[in-house]
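One structure below.
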Amino acid sequence: TLPTTEESLLCGPSIKYKMKEGQLAVGTCEIVMLNRDSSVPRRTIARQTARCACRRGQIAGTTRARPACVDARIVRSRQWCEMAPCMEGEVCSLLFNRSGWTCTRGSGRIKTVTVIY
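The sequence shown runs 3 to 119 under the numbering used here.
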């Protein structure tokens, strides 16, 4: 079996922030929680929550395997691969029920990401 990684991404509505200490600049994101479980051999389950200060019409998403503000239309339509979520050299594929996507490398390593609202 090939090594796999599963991740969960929390998506939320776009929010405008007034800059105060501890707040993000508009158009930026930060990871606020990251949990990893490697108790199963050759498999890692990671759960990540990001906080983003997105512009109007954008929402928290993933670009090149990092939290980013993306077009809200992508999230509403669940066309996850349109936000370019995989790293360079990986191929993005939608899960059959559009609950997330997979990123596959040429070596056969597969990362599966499911979205939690």
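The C-beta atom is built at its ideal place from N, Cα and C for all residues, glycine as well.
Check: Alpha-carbon spacing of VAL72 relative to SER109, whole angstroms; Outcome: 29 Å
Check: Minimum C-alpha distance to THR30 - residue among GLN81, ARG57, LEU36; Outcome: ARG57
Check: Buried or exposed by the 16-neighbour rule on C-beta atoms within 10 Å, applied to VAL115; Outcome: buried
Check: Simplified DSSP state of CYS105, which is helix, strand or coil; Outcome: strand
Check: Assigned secondary structure, CYS88 (DSSP; H/G/I helix, E/B strand, else coil); Outcome: coil
Check: Distance, ARG44 Cα to ILE76 Cα; Outcome: 32 Å
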